[in-house]
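For the sequence shown, this note's numbering assigns the number 1 to the initial residue and increments by one for each residue that follows. Built from N, CA and C at the ideal position, the CB exists for glycine as well. For clarity, every value in this text was computed on a predicted model and none was experimentally measured. A quick write-up on the structure given underneath.
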Amino acid sequence: MNDFDNNPYAASNVTDDDGYNETPVNVPDYLVASILVTLFCCLPLGIPAIIFAAKARSLKGVGQYQAALEQSNKAKIFTYVSLGLGLLVIFGNIALQIAARNAGVGH
Numbered sequence: 001m002n003d004f005d006n007n008p009y010a011a012s013n014v015t016d017d018d019g020y021n022e023t024p025v026n027v028p029d030y031l032v033a034s035i036l037v038t039l040f041c042c043l044p045l046g047i048p049a050i051i052f053a054a055k056a057r058s059l060k061g062v063g064q065y066q067a068a069l070e071q072s073n074k075a076k077i078f079t080y081v082s083l084g085l086g087l088l089v090i091f092g093n094i095a096l097q098i099a100a101r102n103a104g105v106g107h
């Protein structure tokens with residue numbers, strides 16, 4: 001008997017009501033991306049992205065692949081929305097600065 005046989009968190013071979021899946025699934029957790037968009041783009045939406053990403057990573061670690069996939073999808077949504085809003089604000093600010101300089105404001 002090896003350590004895998006004694007691991008209570010190992011993925012089981014049967015799907016049950018607790019969300020355990022029969023085979024390991026590649027579930028992206030978006031943790032790095034969510035941390036980066038939180039730091040550089042949009043803090044208010046980046047925080048939930050980090051939370052969902054951490055949950056996805058934890059659930060994947062204990063073999064709950066279906067629940068991990070749901071959390072991963074939420075993390076992905078918050079990450080991309082945060083990135084989009086952050087880029088919108090950054091490029092909007094650049095456009096306003098250019099327009100202000102062209103209009104003679106701020107000289």
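On a CA-only basis, which of D29, V27, T23, L36 is nearest G84? Give me that one, please.
Proximity to G84 across D29, V27, T23, L36 peaks at L36, based on C-alpha coordinates.
Give me, in chain order, the residues of the same chain whose beta-carbon lies closer than 8 Å to that of F78; leave out the 5 immediate sequence neighbours on both sides.
The beta carbon of F78 is closer than 8 Å to those of S34, L45, G46, P48, A49, F52 in its chain, skipping five residues each way along the sequence.
Quick one: grab the DSSP three-state call for V81.
Helix, per DSSP.
So the candidates are Q66, C42, T23, Y30; which of them puts its Cα closest to the Cα of V112?
Nothing can be reported for residue 112, as the shown portion of the chain is limited to 1 through 107.
Buried versus exposed, by CB contacts within 10 Å (16 or more), A100
Around the CB of A100, fewer than 16 other CB atoms lie within 10 Å, so the residue is classed as exposed.
Expressed to the nearest angstrom, what Euclidean distance is found between the alpha-carbon atoms of A54 and Y30?
The straight-line gap separating the alpha-carbon atoms of A54 and Y30 is approximately 9 Å.
From A68, K60, Q66, V81, pick the residue whose C-alpha is nearest to that of T38; which is it?
Closest option to T38, Cα to Cα, is V81.
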